[in-house]
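Colleague: Sharing a structure here in structure tokens format.
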Ligand SMILES: [Zn+2]
């Protein structure tokens, strides 16, 4: 039995640590504070740019940059192992392994979007209590889909509510609510799609329980109806049509948070184009066994080339990027999510860094993309009181980078260390 009181006292008595000569990207979008110092005590940031206390332990970070840990507001845990997707992959060991991998890549929190198996509730609770290492787990627990349609049970998504009537939908939300899902996830588009009366009932019932609803969405027409029904989060990009200004303004007015998941579309076709990162250890070290061989095999590439869906994916990504630009400039709150872990090709840890690069390609500055990945996503998780930015009073949880991410967002991949609550917890995925 771990003595928690003892740990609390030990943390309190830890001598202060000072990071000296460090350059800080604080996650708020503010410009880089260069060559300053940060005082950490008890796992918390005490001050930035203040005089160094006498007797403090110092760590010289000359030439290095720190940024907050990333929060992935749309991921999946436990479903993938090797090149497979299956409910039987969902074990405590596999989930813990994936939380650890996220943390090695500087991802400090992940919202698993509605694809848990029953054991996942306990893992979520342990993770949130700080009892297991790795990224902190948030969860929609069991999502809401459509009978015989999304999400496909054959891909491991077996523990899903699939209400056929309004009465069932209400009963199912009432059953789920006591497990305290961080959000409720609904899969709306598909063949057939979820009926409007069903998702309207789910949203109204969730709101009665004080729970927000995140929607798997693709089409603008669905997004409009979901907004009217009171949805709180678009968990994917709208990517069948370009959004008009009036709807962008409606999203702002309704305070709907938008998670673009651009990397999902990119990773659907990019392996066929030999991307520059394909052989980088930063990518390869994130992969499950067999995935590299799969995505570089001639048959996989041939399937991408010959599949008409590949061109549709390319066009979907172009529209998604255009929509991100429109929504960002309209003032919509953008959070980072990737759908990593739903499929082996959506690579946990790597995808979150690729997502920031794609946001910049869509027109955000590197500091704006980093804010979406850190402070905005932490705010979506309602964790912004402790995490999401580097400011006095918040947890001393950050990534140490060898290069400046404000000049090239791909420099977020130059991870030299990951710290959580004042302790170095990882050398990063490539390490020394
Ligand atoms: Zn998903």
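In this note's numbering, the protein residues as written are 8 to 439.
For every residue, glycine included, the Cβ atom is placed at its ideal position computed from N, Cα and C.
#1: May I ask whether a heavy atom of ligand 1 can be found less than 8 Å away from the beta carbon of residue 120?
#2: Please classify residue 163 as buried or exposed, where buried requires at least 16 neighbouring CB atoms within 10 angstroms.
#3: Determine, using beta carbons only, whether residue 384 and residue 344 come nearer to each other than 9 Å.
#4: Assign residue 84 to one of three DSSP states: helix, strand, or coil.
#5: Touching or not, the region 115-122 and the region 47-61, by the rule of three or more beta carbon pairs under 8 Å?
#6: By a C-beta neighbour count over all protein chains shown, 10 Å radius and 16 as the cutoff for buried, is residue 147 buried or exposed?
#7: Just confirm the distance between the C-beta atoms of residue 215 and residue 240, as a whole number of angstroms; I'd bet it's less than 8 Å.
#8: If residue 73 and residue 102 are in contact, beta carbons under 8 Å, what's the gap, nearest whole angstrom?
#9: At which residue ranges does the region 62-132 contain complete alpha helix (DSSP H) runs of 4 or more residues, listed in the order of the chain?
#10: In whole angstroms, what separates the C-alpha of residue 271 from that of residue 373?
#11: Would you say residue 216 touches ligand 1, meaning its beta carbon is less than 8 Å from a heavy atom?
#12: Please return the same chain residues whose Cβ sits closer than 7 Å to the Cβ of residue 12, not counting the five positions on each side in sequence.
#13: Report all residues from its chain with a CB closer than 7 Å to the CB of residue 134; omit the five preceding and five following residues, and keep chain order.
#14: Quick one: residues in its chain with C-beta nearer than 7 Å to the C-beta of residue 35, no 5 flanking neighbours on either side, listed in chain order?
#15: Would you say residue 166 touches ligand 1, meaning its beta carbon is less than 8 Å from a heavy atom?
#16: Nearest-angstrom Cα distance between residue 151 and residue 209?
#17: Which value, in whole angstroms, describes the spacing of the CA atoms of residue 282 and residue 361?
#18: For a test of the three-state rule: what should DSSP assign to residue 246, helix, strand or coil?
#19: Pull up the distance between the alpha-carbon of residue 403 and that of residue 50, whole angstroms please.
#20: Which whole-angstrom value describes the C-beta separation of residue 156 and residue 198, a residue pair presumed to lie in contact below a C-beta threshold of 8 Å?
#21: For residue 28 and residue 65, what's the separation of their Cα atoms in angstroms?
#22: What does a CB cutoff of less than 6 Å around residue 245 pick up in its chain, not counting 5 residues either side in sequence?
#23: Apply the 10 Å Cβ neighbour rule to residue 261 and answer buried if 16 or more other Cβ atoms are within range, or exposed otherwise.
Modeller: A quick look at the data gives this:
#1: Because some heavy atom of ligand 1 lies under 8 Å away, the Cβ of residue 120 counts as near it: yes.
#2: Residue 163 should be labelled buried.
#3: Yes, the Cβ-Cβ distance between residue 384 and residue 344 is below 9 Å.
#4: Coil.
#5: Not touching, per the Cβ criterion.
#6: Classified as buried, residue 147 has 16 or more neighbouring CB atoms from the shown chains inside 10 Å of its CB.
#7: Not quite, the Cβ-Cβ distance comes to about 18 Å (not below 8 Å), so this is no contact.
#8: About 28 Å; that fails the 8 Å criterion.
#9: Runs of the alpha helix (DSSP H) spanning 4 or more residues and lying entirely within the region 62-132 occur at 99-111, in chain order.
#10: Taking the Cα positions, residue 271 is about 20 Å away from residue 373.
#11: Flag unset: Cβ of residue 216 not near ligand 1.
#12: Reliability fails at residue 12, whose pLDDT of 48 lies under 50, so the model's placement of it is uncertain and no value is given.
#13: Hits under 7 Å: 106, 143, 144.
#14: Answer for residue 35: 378, 382, 396, listed in chain order.
#15: No, ligand 1 has no heavy atom inside 8 Å of this Cβ.
#16: Roughly 9 Å separates the two Cα atoms.
#17: Separation of residue 282 and residue 361 (C-alpha to C-alpha, rounded to the nearest whole angstrom) is 11 Å.
#18: Residue 246: coil per DSSP, three-state reduction.
#19: Approximately 6 Å between the Cα atoms of the pair.
#20: The beta-carbon distance between residue 156 and residue 198, rounded to whole angstroms, is 6 Å. This is short enough to meet the 8 Å contact definition.
#21: Going by the C-alpha atoms only, they are around 10 Å apart.
#22: Closer than 6 Å at the Cβ level, and outside the excluded window around residue 245, lie 227, 230, 330.
#23: The residue is exposed, with fewer than 16 neighbouring Cβ atoms inside 10 Å.
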